Every structure is written in C-alpha cells, then in structure tokens.
Amino acid sequence: MALPLKYNIRNIIVRKGSTLATAFTIGLTVAVFLLVMALARGIDSTLASSGEPLNVIVMREGSTAELNSTVEQGQFKDLMYLDGVARENEQPLAAGEIITLIYKARKGMSQGSNVTVRGVGPMSFKLRSGFKVVAGRSFQPGLTEAVVAKRIAERFQGLEVGDKFRIQTTDYTVVGLFDSAGKAFESEIWVDINSLASTTKRTEAFSTALLRAKDQTALNALTKRITDDPKLHLKATSERTFYEEQQGQASGALKALAVFITFIMAVGAGFAGMNTMYAAVARRTTEIGTLRVLGFGRFSILIAFLLESVSIALIGAVIGILLSLPLNFVSTGTSNWVTFSEIAFNFKVTPDLMIWGLTFGAIIGFVGSLFPSIRASRFRIVDALRA
Amino acid sequence: MKFAKLVFKNILRNRLRTLLTILSLVVSLFLIVTLGTILTEFDRGTEESNPLRLATRHAVSLGFVMPMAHLQRIRAVPGVKDAMEFNWFGGIYKDERNFFANFAVDAKRLKGIVTELKMSDAEWQAFENDKQGAIVGQKLVTLYGFTPGQRITLKSPIYNQSVEFIIRGVVTGGDEKTLFFHSDYINELLPEWAKDQASVFTILANTAEDVPRVAQAIDSIFVNSDAPTKTETEKEFALSFQSMMGGVKQFMYYIMAAITFSVLLVMGNTMAMTVRERIKEVGTLKAIGFQRRTIAGLFLAESLVLALIGGVIGVGGAELLYRSFPFGTYIPFFSQFIPTGTTLLAAFILALMVGLISVAYSAYRVSGLTIAEALRSTE
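As you go down the protein sequences, you meet chains C and E in turn.
Numbering follows the numbering used here, with no gaps: position 318 of the first sequence is 318.
Numbering follows the numbering used here, with no gaps: position 19 of the second sequence is 406.
Okay, structure coming up:
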C-alpha cells in the first residue's frame with residue numbers, strides 16, 4: 001500500500017526553512033552547471049549558425065584561419081566563373097574579402113583583444129543573410145568608413161557611431177552599428193574592400209574568396225574541383241564546415257570544467273541532502289512506527305522518503321533553472337583561439353540543458369536520500385514507537 | 388576554555404550529522420581552492436616573466452608575419468644585448484590531443500636569451516651541432532617518454548608539413564612543456580610563401596633602463612615599413628594573451644561566489660537543526676544561571692570548530708594533493724598547478740566566516756528566549 005502524496009507535500013511544507021535551504025543548495029549546483037554549459041553552448045551555436053548552407057569559402061592551402069590566407073585577384077577571377085557558382089542577374093555570386101585585425105581595449109580595462117576587420121564588397125552582403133544596420137547607416141564605398149557589430153561596440157572602447165579608430169596608418173570613422181542574428185560576423189567590423197586594400201597595401205590579393213554554389217551537388221563538385229587543382233594551391237570548404245570545425249576548440253575546455261565543478265558541487269549538495277533527510281527521519285521516528293502499525297509496509301516507507309527527497313531536489317533544480325534563465329539576455333566574449341580574435345556571443349540556456357539540470361537535481365536528491373530512507377524503512381515497529 | 392569539553396561533547400552527540408557537514412564543507416573548500424588555483428595559474432606566465440626580455444610582433448596581430456630581415460636591424464639598436472626569432476610552428480605530435488608548444492629558434496642564441504633553460508653543456512653542444520636536433524622540456528619526457536636520440540615527427544597544420552626531428556637534450560626550467568628546434572632547418576623545408584619570416588622576435592636588453600627605450604626604438608624603425616611592429620615587455624605580451632580570455636575569468640568568480648553561498652546554506656541548515664533540537668537544554672542552562680552570552684558563545688564555538696575542521700581538511704587536503712602530484716604536467720596550457728599562499732589563506736578565512744555567519748541568527752534567537760519559553764518549546 002503506497003502512502004498518499006499528500007503526506008509528503010505536507011511534510012515538505014511543515015519544514016519550510018530546512019526544505020528551502022536544501023533545495024537552494026541543489027539549485028545553486030544546477031545553476032552553476034547551467035552557467036558553464038550555457039557559455040559553451042553559446043559559443044557553439046554562434047559558430048554553428050554562422051555558415052550559409054550553400055556558401056563555399058576558399059583559402060590558401062595550409063591556412064588555418066581567414067587571417068593568414070591569400071587568394072590572388074587573378075585566381076579569384078577564375079573561381080568566379082567556375083561551373084556551379086550561382087548567379088544573380090548574370091553576375092556570379094562571389095566575393096573576395098580582406099581580413100585584418102585591430103587591437104582594441106575593452107571597456108573599463110586597459111587591456112583588450114583583437115577585433116576582426118573585414119573588407120567587403122556589394123556581393124558580400126548578398127552572400128550573407130541576417131546583416132542589418134541597427135544604428136546610423138552603412139559605409140559608403142571608397143570612403144574610410146566602417147560599420148561595427150553592435151556587440152563589439154558594447155564591449156570595446158571607442159567604437160560607437162562617430163568614433164574614429166586606426167587601421168595601420170589610416171583613420172576610419174564608425175558610421176553605423178549592425179547586428180546579424182547571432183552569427184560569427186557579429187563579432188566583426190566591416191569596411192569597404194577597396195579602402196581596406198589600399199590601407200593594408202594588399203591591392204593584388206584578397207584574404208579569402210566566398211562563393212555561392214547553385215545547389216548541394218554543385219557545392220560538393222566545386223570544393224573538390226578547387227581543392228584538387230594542383231596549380232591553384234587553394235583549399236575550398238563549405239562555410240558551414242569551416243565554422244563547425246572551430247567549435248570544439250573554444251568550448252571543449254569549458255565543458256570539461258562544467259562537468260568537474262558540478263560533480264564536486266553535487267557531492268557537497270548530496271551530503272547536505274543526506275543531513276536533512278537523516279534529521280527528518282529521526283524526527284519522525286514515532287510517526288513511522290505509527291504508519292507501520294496502520295499497515296504501511298517497509299517498502300512504502302522507503303518510497304515515501306525517497307519521493308520526498310527527490311521532490312525537494314526537483315524544487316531546487318527548478319530554482320536553479322530560474323536563476324540561470326536571465327543569462328539568456330547576457331552576452332559576453334572570449335577569444336577564438338583559431339582566429340586569435342574576439343568572438344562575442346550570448347549565453348544559451350536551451351531546453352535540453354534545462355532537462356539535464358532537472359535530471360541532475362533528481363539524481364542528487366535520490367542518492368542523497370537513499371541511506372536515510374533505507375534506515376527509515378528498517379525501523380522495528382516497537383523501537384520506533386518507543387523512541 | 389572551561390567549556391571546551393562541553394562543546395566537543397555536543398559536536399560528538401550526532402556524529403553522522405557532524406561528519407556529513409564536515410564532508411560537505413571539505414569538498415566545497417577543495418573546489419574553491421581548485422578554482423582559485425586555475426585563476427592564479429593563468430597569471431603565472433606574467434609573474435615569472437624576465438623583466439629584461441621583450442617581444443616584437445607584427446603591429447596588426449600575431450597572425451601576421453614579419454620578414455627575417457628585421458632581425459639585423461633590431462640587433463643594431465643600442466641597448467639590445469641579443470635577439471632571435473621565436474616562431475610558433477604549431478606542430479602536432481601523432482594526435483591532436485597531444486598538445487604542446489613548439490618553436491623554431493636560433494639554436495646558438497637560445498641559451499643566452501632564454502636564460503632560464505637549463506641543460507648540460509654536452510647537450511647544448513649536441514643540439515647546436517645537429518641541424519635536425521630538437522630539445523624538449525622535462526615534462527614532455529614525463530608525458531611522452533621522449534629520450535635523447537629518438538626521432539619524432541611533428542605535423543604542422545599551418546604549413547601543412549610533417550617534419551622529423553632528433554631529440555638532443557632535455558631542458559629543465561621554463562614551463563618544461565616546450566620543444567625547441569633550429570629555425571634554419573625548418574626554413575629550408577617550408578614552402579616558398581613561408582620562408583624567411585618570423586611571427587615573434589625575442590629580445591634581451593642590457594639593463595632595465597634600456598627596456599622602454601629599446602621598445603620605442605624598434606617600433607620607430609619599422610613604422611613605415613610593410614611590416615610595422617609592436618614591441619612589448621614579456622610581461623605585457625603575456626598579459627595580452629590573458630586578456631583574450633575576456634569574460635570567462637569573471638565567471639569563475641561568480642562560480643566561486645555561488646559555491647560559498649551554497650556552503651553557507653548547508654552549514655546554516657545544519658546549525659539551525661542543531662540549535663533547535665537543544666532549545667529545552669537552553670532553558671535548563673538558563674535556569675541554572677548561564678548568561679545569554681555564554682550560551683550563544685557555546686553554539687558559536689561549536690560551529691567554528693566544525694568550520695575549522697572542514698577548513699583544515701579541505702584546504703590542507705587540496706594543498707597536499709596538488710603538491711604531491713604534478714597535475715600541471717597533464718593539463719594543457721598550464722605548466723604547474725600549485726595553489727598560492729593567498730588562495731589557501733583566503734579559502735581558510737572563508738571557512739571560518741561561514742562557521743560564524745551560519746550560526747549567528749539561530750544562536751542569537753535561541754539564547755534570547757526566556758527560561759519558560761525555552762522549556763515549553765515544542766520545536
């Protein structure tokens with residue numbers, strides 16, 4: 001015969017203070033787990049969403065990042081007219097781009113980080129979806145003007161509309177801010193390609209070439225055709241793969257840290273839970289004896305105490321999730337070790353992470369209450385009633 | 388002191404609870420020391436830098452290279468004792484998980500510029516004489532079992548090239564997790580676009596007064612060249628790497644705060660239970676004539692003793708563990724993993740604070756009850 005749930009609920013309510021303290025301990029463990037995982041998830045999803053499915057990025061053979069790649073202008077013309085490159089109004093959808101970095105100080109700090117500057121042409125905007133100017137205007141071709149990703153302007157000094165910053169020896173004026181639905185280029189500064197070419201004295205070569213394939217088959221054929229050409233010394237990758245490959249390096253260490261910290265915190269919370277449940281069992285010894293006299297079996301008592309503890313743990317996990325939810329509105333940044341430049345991203349507390357948090361909390365509750373519950377179920381009726 | 392026995396008797400009254408509370412404290416403090424050590428280990432590179440050494444890199448970023456021809460002009464700058472290239476090769480040994488730093492350097496100058504590297508004269512000689520030679524840090528020997536004379540292959544994704552080296556010596560000092568080899572050897576093998584270039588020049592100044600002058604002089608030489616430079620002290624150079632961590636460091640502090648708060652809850656809950664169970668005793672004590680102060684003091688002492696034990700085991704245990712086993716060898720990017728004195732002290736003080744705060748309210752409340760209230764209590 002099972003004990004009614006009402007019994008557990010009333011017990012939880014009677015011991016409000018103790019229940020809340022235990023729940024909070026578990027909640028904090030879950031919140032820390034979610035904090036670190038949401039950080040890793042934020043980096044991953046920024047990189048995962050960044051590649052356009054049909055875009056092909058072409059870099060020099062052996063380059064690990066756009067920054068140290070070169071694609072000569074002559075080569076770019078050949079690439080543009082390859083079979084399989086999509087067209088719009090007879091114009092091939094292809095863009096050569098130049099990448100450079102500038103070093104900027106973070107807001108409120110004297111130290112800073114590298115920010116990627118991308119020289120783009122009119123085609124670049126067609127090849128990338130989601131680009132939207134949210135303040136000011138876009139740059140004018142031929143002028144030394146720049147649009148800055150909103151997240152970067154928020155994190156670094158001197159990148160608001162109207163500010164000037166220096167690329168090598170030339171001053172650029174910020175004329176607008178943009179956002180791009182959480183993609184990786186939301187960590188960049190965009191300027192006119194021709195201006196950047198003359199600033200960086202790179203008038204004969206681009207850093208990379210971006211091509212739009214007609215369809216998936218054309219994409220596969222194009223990447224193979226370009227990479228295998230012995231004369232070109234270039235390497236073509238689908239843009240999606242390019243960004244996905246950067247994921248593990250940035251977030252792997254964070255995930256390991258999350259597991260380590262939460263495991264130890266969970267052990268600590270488990271001990272705390274045990275304490276609470278042992279106290280509960282001790283206080284209710286006579287009550288347990290009475291229940292047994294009424295005909296409830298040992299197993300029902302065991303289950304009742306386990307259920308009670310798991311419910312407290314679940315309340316805790318929910319508290320933890322609620323504590324971590326505001327993180328969804330926090331954006332932060334760290335360096336992408338592949339590109340040596342800043343990557344800005346939002347924390348992402350996703351539903352699957354929340355389910356992990358709940359499961360995790362329930363496990364702490366279960367393990368923490370196992371021994372106290374077993375003790376409760378083993379009382380002899382006479383002893384329990386006499387306590 | 389005359390109450391010491393009473394305090395200990397009380398602590399031993401519910402041994403299981405005492406044990407669980409202490410264990411919970413121990414793991415939390417262990418974790419706090421560990422996280423604190425992660426933070427201080429990030430700083431180690433800056434702390435241990437040589438104040439006479441400078442690093443020159445491309446003004447735009449480390450991702451850009453400078454021509455080797457810069458080096459002759461850098462060496463001619465007054466105040467420069469010596470200078471050499473220090474090129475990141477990014478070579479991978481067998482598998483990507485085997486991460487360690489490897490640099491192409493001027494083998495003849497390495498000893499004089501990176502003075503913390505220690506090796507026998509015979510080994511230095513063997514390294515200098517063998518163009519294909521490489522020297523490895525002591526910790527790499529522990530990790531991969533390298534032995535002098537062994538041939539190893541490093542594959543660099545940057546240059547898309549596999550290169551074979553022969554180990555000629557084992558270095559102590561420095562981070563001991565780095566491999567150095569001859570840059571003139573690799574220069575012959577690299578593809579045309581990568582020849583005669585350097586990503587970093589390491590410079591040793593004569594005196595501390597020369598350091599700022601040298602940095603300025605070097606940068607002004609190249610300001611209008613195709614490859615303008617940025618020269619910083621080794622410390623500033625290391626700091627710029629650290630700063631790239633960005634927000635991540637800050638979140639470590641948040642996590643430590645969350646752990647502290649959670650220990651506070653655990654201790655607070657335990658002490659609340661303990662105090663509540665003894666309300667009737669408080670009535671008796673008061674009836675015998677004990678002062679409110681003494682009663683509160685007894686509870687406070689009990690909590691502090693628990694915190695002290697937890698602190699000693701947790702903080703001391705972490706120290707013992709990290710001192711006795713060289714974790715630094717096995718964690719990528721770290722050379723050591725040893726808690727600093729400040730971290731240990733801070734964690735210990737934190738434990739005592741937790742002991743103090745967690746019992747404060749319960750002790751205050753219960754010790755303030757009148758005899759009748761306490762004896763009649765049904766809590």
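All C-beta atoms in this analysis are idealised placements derived from N, C-alpha and C, irrespective of residue type, glycine included.
Since we're looking at a predicted model, the values are computed, not measured.
What is the rounded straight-line gap between the Cα of K77(C) and the Cα of V85(C)? Reading the first sequence from its first residue, position 77 is the one you call residue 77(C). Reading the first sequence from its first residue, position 85 is the one you call residue 85(C). So the two alpha carbons sit approximately 12 Å from each other.
- Query: Is the Cβ of L407(E) closer than 8 Å to any Cβ of chain C?
  - Reply: The residue you call residue 407(E) lines up with position 20 of the second sequence. At least one chain C Cβ lies under 8 Å of L407(E).
(Q) Rounding to the nearest angstrom, what Cα-Cα distance links E760(E) and G670(E) in this structure? (A) For the purposes of this step, residue 760(E) is taken as residue 373 along the second sequence, with counting starting at 1. For the purposes of this step, residue 670(E) is taken as residue 283 along the second sequence, with counting starting at 1. Going by the C-alpha atoms only, they are around 8 Å apart.
With 8 Å as the threshold, decide whether the Cβ of S18(C) is near any Cβ in chain E. Position 18 of the first sequence, counting from 1, holds the residue named residue 18(C). Closer than 8 Å: yes.
*Mind checking if D469(E) is an interface residue toward chain C, Cβ cutoff 8 Å exclusive?*
Your numbering for residue 469(E) matches position 82 in the second sequence. It does not: the Cβ of D469(E) has no partner Cβ on chain C nearer than 8 Å.
Practice task
Report buried or exposed for Q91(C), applying the criterion of at least 16 other Cβ atoms within 10 angstroms of its Cβ.
Solution key: Numbered from its first residue, the first sequence carries residue 91(C) at position 91. By the neighbour-count criterion, in which 16 or more other beta carbons inside 10 Å mark a residue as buried, Q91(C) falls on the exposed side.
| said: Could you tell me the alpha carbon to alpha carbon distance between G51(C) and E160(C), rounded to whole angstroms? | reply: Here residue 51(C) is taken as the residue at index 51 of the first sequence, counted from 1. Here residue 160(C) is taken as the residue at index 160 of the first sequence, counted from 1. Straight-line Cα distance between these residues: approximately 27 Å.
**Request:** Just list the beta strand (DSSP E) runs in the stretch 212-274 of chain C, keeping only unbroken ones of 3 residues or longer that don't cross its boundaries, in chain order.
**Result:** The stretch 212-274 of chain C contains, as complete beta strand (DSSP E) runs of 3+ residues, the segments 234-238 (chain order).
Discussion item. Going by DSSP in three states, S69(C) sits in which element: helix, strand or coil?
Written reply: On the first sequence, residue 69(C) is found 69 positions in, with the first residue counted as 1. S69(C) falls in the coil class under three-state DSSP.
Cα separation between M722(E) and R484(E)?
Here residue 722(E) is taken as the residue at index 335 of the second sequence, counted from 1. Here residue 484(E) is taken as the residue at index 97 of the second sequence, counted from 1. Position check: residue 722(E) holds Ser in this sequence, whereas Met was assumed. If I take the Cα positions, the gap works out to 16 Å.
Legend entry - C-alpha distance - A197(C) paired with S324(C), whole-angstrom precision: As a position in the first sequence, residue 197(C) is number 197, starting the count at 1. As a position in the first sequence, residue 324(C) is number 324, starting the count at 1. Cα-Cα distance, rounded: 45 Å.
- Query: What is the DSSP secondary structure of R166(C), counted as helix, strand or coil?
  - Reply: Looking up residue 166(C) in the first sequence gives position 166. Residue state, collapsed to three classes: strand.
Let's test the definition: count the other Cβ atoms within 10 Å of the Cβ of E204(C) and tell me whether it reaches 16, buried, or not, exposed.
Numbered from 1 along the first sequence, position 204 holds the residue referred to as residue 204(C). E204(C) is exposed by the Cβ-count criterion.
- Query: Between the stretch 730-741 of chain E and the stretch 663-679 of chain E, do three or more beta carbon pairs fall short of 8 Å?
  - Reply: At 8 Å Cβ cutoff, the stretches do not touch.
From what residue to what residue does the alpha helix (DSSP H) around V318(C) run?
As a position in the first sequence, residue 318(C) is number 318, starting the count at 1. Counting along the chain, the alpha helix (DSSP H) containing V318(C) begins and ends at 298-324.
So which residues of chain E does T276(C) contact, with C-beta pairs closer than 7 Å?
-> Along the first sequence, read from residue 1 onward, the residue named residue 276(C) stands at position 276. By Cβ distance, chain E contributes N656.
Taking the straight line between their C-alpha atoms, what separation do you get for I682(E) and K16(C)? Mapped onto the second sequence, residue 682(E) falls at position 295. Mapped onto the first sequence, residue 16(C) falls at position 16. So the two alpha carbons sit approximately 26 Å from each other.
ask   = Are the CB atoms of G130(C) and K183(C) nearer to each other than 8 Å?
value = Your numbering for residue 130(C) matches position 130 in the first sequence. Your numbering for residue 183(C) matches position 183 in the first sequence. Yes.
- Whole angstroms is fine: what's the gap from Y480(E)'s alpha carbon to I193(C)'s? Counted from its first residue, the second sequence places residue 480(E) at position 93. Counted from its first residue, the first sequence places residue 193(C) at position 193. Taking the straight line from one Cα to the other gives about 39 Å.
Let me know if N89(C) comes out buried or exposed under the rule of 16 or more other beta-carbons within 10 Å of its beta-carbon.
Walking along the first sequence from the start, residue 89(C) turns up at place 89. It counts as exposed.
By the three-class DSSP mapping on this structure, what secondary structure does K542(E) have?
Position 155 of the second sequence, counting from 1, holds the residue named residue 542(E). If DSSP states are grouped into helix, strand and coil, K542(E) belongs with the strands.
Compile a chain-ordered list of the residues in the stretch 152-169 of chain C whose CB is closer than 9 Å to at least one CB of chain E.
-> Cβ contacts with chain E: R155, I167, Q168, T169.
- Query: Under 8 Å between the Cβ atoms of T618(E) and A595(E)?
  - Reply: Within the second sequence, residue 618(E) is the residue found at index 231, counting from 1. Within the second sequence, residue 595(E) is the residue found at index 208, counting from 1. No, Cβ-Cβ distance for T618(E) and A595(E) is not below 8 Å.
Query raised in the report: Residues of chain C with a CB under 8 Å from the CB of A659(E): which are they?
Result: Walking along the second sequence from the start, residue 659(E) turns up at place 272. Think of a sphere of 8 Å around the beta carbon of A659(E): the chain C residues whose beta carbon falls inside it are G17, S18, A21, in chain order.
(request) Return yes when the Cβ of M354(C) is within less than 8 Å of the Cβ of I321(C), no when it is not. (result) Position 321 of the first sequence, counted from the first residue, corresponds to residue 321(C). Position 354 of the first sequence, counted from the first residue, corresponds to residue 354(C). Taking 8 Å as the cut-off, the Cβ atoms of I321(C) and M354(C) count as close.
Problem - L527(E) versus T716(E) - alpha carbon distance - result: For the purposes of this step, residue 527(E) is taken as residue 140 along the second sequence, with counting starting at 1. For the purposes of this step, residue 716(E) is taken as residue 329 along the second sequence, with counting starting at 1. Distance between the alpha carbons of L527(E) and T716(E) is about 8 Å.
Item to check | Closer than 8 Å to chain C by CB, N547(E) | outcome: Locating residue 547(E) in the second sequence gives position 160, counting from the first residue. Between N547(E) and chain C, the shortest Cβ-Cβ separation is below 8 Å.
TODO: Could you have a look at K518(E) and say whether DSSP puts it in helix, strand or coil?
DONE: Position 131 of the second sequence holds residue 518(E). Coil at K518(E), not helix or strand.
Contact set between the stretch 708-720 of chain E and chain C, restricted to residues whose Cβ is under 9 Å from the partner = Listed by position along the chain: P719, F720.
For chain E, is any of its Cβ atoms less than 8 Å away from the one on M37(C)?
Your numbering for residue 37(C) matches position 37 in the first sequence. By the rule that beta-carbons nearer than 8 Å mark a contact, M37(C) does not touch chain E.
Next on the checklist: For a minimum of 3 consecutive residues, which ranges assigned as the beta strand (DSSP E) are wholly contained in the stretch 571-637 of chain E?
Outcome noted: Those beta strand (DSSP E) runs which fall completely within the stretch 571-637 of chain E and span 3+ residues are 587-592, 616-620.
Practice item. Could you tell me which residues DSSP puts in a beta bridge with Q91(C)? Key: For the purposes of this step, residue 91(C) is identified with residue 91 of the first sequence, where counting begins at 1. For Q91(C), the beta-bridge partners assigned by DSSP are E88(C).
Next on the checklist: Within the continuous alpha helix (DSSP H) that includes K673(E), where are the two ends?
Outcome noted: Residue 673(E) sits at position 286 when you count from the first residue of the second sequence. Where K673(E) is concerned, the enclosing alpha helix (DSSP H) stretches over 666-675.
(Q) In whole angstroms, give me the CA-to-CA distance for A149(C) and T199(C). (A) Residue numbering aside, residue 149(C) sits at position 149 when the first sequence is read from its first letter. Residue numbering aside, residue 199(C) sits at position 199 when the first sequence is read from its first letter. Cα atoms of A149(C) and T199(C): separation of roughly 21 Å, rounded to the nearest angstrom.
So, is the C-beta of F768(E) closer than 8 Å to a C-beta in chain C?
No information on residue 768(E) is available, as it lies outside the stretch 388 to 766 that chain E covers here.
Original post:
For A592(E), which residues from the same chain have a beta carbon less than 6 Å from its beta carbon, with the 5 sequence-adjacent residues on both sides left out?
Top reply: Here residue 592(E) is taken as the residue at index 205 of the second sequence, counted from 1. Around A592(E), the same chain offers L439, G466, V598, V601 as residues with beta carbons nearer than 6 Å, after the five sequence neighbours per side are excluded.
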